[in-house]
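Undergrad: Residue 199 in our numbering sits at position 126 of the sequence shown; the count goes up by one each step and never skips.
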Amino acid sequence: MRARIDISEIEAQTKIRAKYLRALENEEWGLLPGPTFVKSFLRTYATALGLDGRALVEEYRLTEEPQSEVTHEQIMPSQRLADRREGSSNAYRFAVGAVVALIVVLVILLASKHGKDATPPAAAKTHIRLFVRADGPVHVCLLDAEGNRVMHYTRLQAGQRSRAYRSTSFLLWSSGRQAKVVVGRRVRALPEGSGPVGVQIGPTGDSPAASNARQQACG
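1) Does the pairing of the stretch 228-247 with the stretch 271-281 give three or more beta-carbon distances under 8 Å?
2) Distance check for V254 and D208, CA to CA, integer angstroms please.
3) Kindly indicate which residue of A283, G257, E132 and G220 has the alpha-carbon position closest to the one of T277.
4) Around the C-beta of F128, are 16 or more other C-beta atoms found within 10 angstroms, so that it is buried, or is it exposed?
5) Please report the distance separating the alpha-carbon of L97 from that of V169.
6) Would you please state the rounded distance, in angstroms, between the beta carbons of A252 and L203? I believe it to be under 8 Å.
7) For A85 and Y118, I'd like the C-alpha separation in whole angstroms.
8) Measuring CB to CB, does A218 end up less than 7 Å from S240?
9) Look up E142 in the DSSP assignment and say whether it is helix, strand or coil.
10) Among the candidates K88, S185 and A290, whose CA atom is the shortest distance from the CA of H212?
11) Under the criterion of a Cβ to heavy atom distance below 6 Å, does G123 qualify as lining the ligand SAM?
12) To the nearest angstrom, report how far apart R261 and S185 are at their CA atoms.
13) For L175, which of helix, strand or coil comes out of DSSP?
14) Compare the C-alpha of R259 against each of A282, G103, S280 and V205 and name the closest.
15) Tell me whether the beta-carbon of H225 lies closer than 7 Å to the beta-carbon of C214.
16) Cα separation between T120 and L175?
17) With a threshold of 16 other CB atoms inside 10 Å of the CB of D156, please say whether the residue is buried or exposed.
18) Ignore the nearest five residues each way along the sequence and tell me which others in Y133's own chain have a CB closer than 7 Å to its CB.
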C-alpha cells in the first residue's frame with residue numbers, strides 16, 4: 074500500500090502512530106482501536122498515498138464488517154481499488170525510469186560537450202634556477218626573460234653569492250670573469266678571455282650575448 078514510502082514520513086504527514094500504520098499495512102485490524110478509527114485511518118492513509126480512500130473503506134466494510142449478503146456490485150469497488158493500486162505502482166516505476174534516463178542523457182551530453190571544448194594545455198616552458206657566485210670582486214647585471222633587472226650593477230666580493238632567481242632564460246653581464254653562474258647544482262663558467270663579458274643563459278646551455286649586452290642587462 075505504501076509504494077515504498079518510509080513509514081516515518083507517513084506518520085509525520087498523517088499524524089497516525091506508526092504502529093497503527095503498520096497494522097493497516099498488514100491488515101491486522103485487531104490491533105486498531107475499532108471500526109470507526111479504522112475507517113478514519115484508511116481515508117487519511119489513502120489520501121497521503123494518493124489512493125481512493127472511499128474504495129479502501131468500502132473494501133474494509135465488505136471483508137471485515139458483518140454482511141448479510143455480498144452482491145456482485147459490492148465486490149466491484151474492491152476490484153477497482155486493486156486496479157488503481159496497480160496503476161499507481163506502474164506510474165511510479167515509469168516516472169523513476171524516465172528520471173534515470175534523463176540523467177543518463179544529460180551526463181552523456183555534458184561529457185560530449187566537455188570533450189569538444191577541451192583544448193590541450195600549452196606546453197610548459199622550462200624554468201631554470203640560477204644564482205651568481207664570485208671568485209673575486211665583480212659587478213654583475215642580470216636580466217630575466219620578462220625583461221626584469223633582477224641584479225643591477227650588484228657588487229660581489231670573493232666568496233659571496235647572490236640570491237637565487239627563476240626564469241626561462243637570463244642575460245648576464247659581468248665586469249670580469251671572477252663570476253661563476255650556478256644553474257641548478259651545476260656551475261657554468263663564463264667564456265675565457267679578459268674584460269667584461271655578456272652571456273645568454275638558457276635551459277640547455279649558454280651562448281655569447283650580443284655586443285650591447287651591458288646596455289640590455291644594466292640599462
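Just so you know, even glycine gets a beta-carbon here, dropped at the ideal spot from N, CA and C.
TA: Result, derived from the coordinates:
1) Counting C-beta pairs closer than 8 Å gives three or more between the stretch 228-247 and the stretch 271-281, which meets the contact rule.
2) When rounded, the distance between both Cα atoms is 11 Å.
3) That would be G257, whose Cα lies nearest to the Cα of T277.
4) Inspection of the sequence shows that residue 128 is occupied by Ala rather than by Phe. Answer is buried; the Cβ neighbour count reaches 16.
5) Their Cα atoms are separated by approximately 26 Å.
6) No, A252 and L203 are not in contact; Cβ-Cβ is about 12 Å, not under 8 Å.
7) Roughly 11 Å separates the two Cα atoms.
8) Against a cut-off of 7 Å, the Cβ pair of S240 and A218 comes out as a contact.
9) Caution is warranted here: a pLDDT of 43 is assigned to E142, below 50, making its placement in the model unreliable, and the coordinate value is therefore given only provisionally. In the three-state scheme derived from DSSP, where H, G and I count as helix and E and B as strand, E142 is classed as coil.
10) Of K88, S185 and A290, the residue nearest in Cα terms is A290.
11) As far as ligands go, the structure on display features none, and thus does not contain the ligand SAM.
12) Computed Cα separation, rounded: 51 Å.
13) L175 carries a helical assignment under DSSP once its states are collapsed to helix, strand and coil.
14) The shortest C-alpha separation from R259 is found at V205.
15) With respect to C214, H225 sits close: the two C-beta atoms are nearer than 7 Å.
16) Roughly 29 Å between the two C-alpha positions.
17) Around the beta carbon of D156, fewer than 16 other beta carbons lie within 10 angstroms, which makes this residue exposed.
18) Around Y133: V111, K112 and L115.
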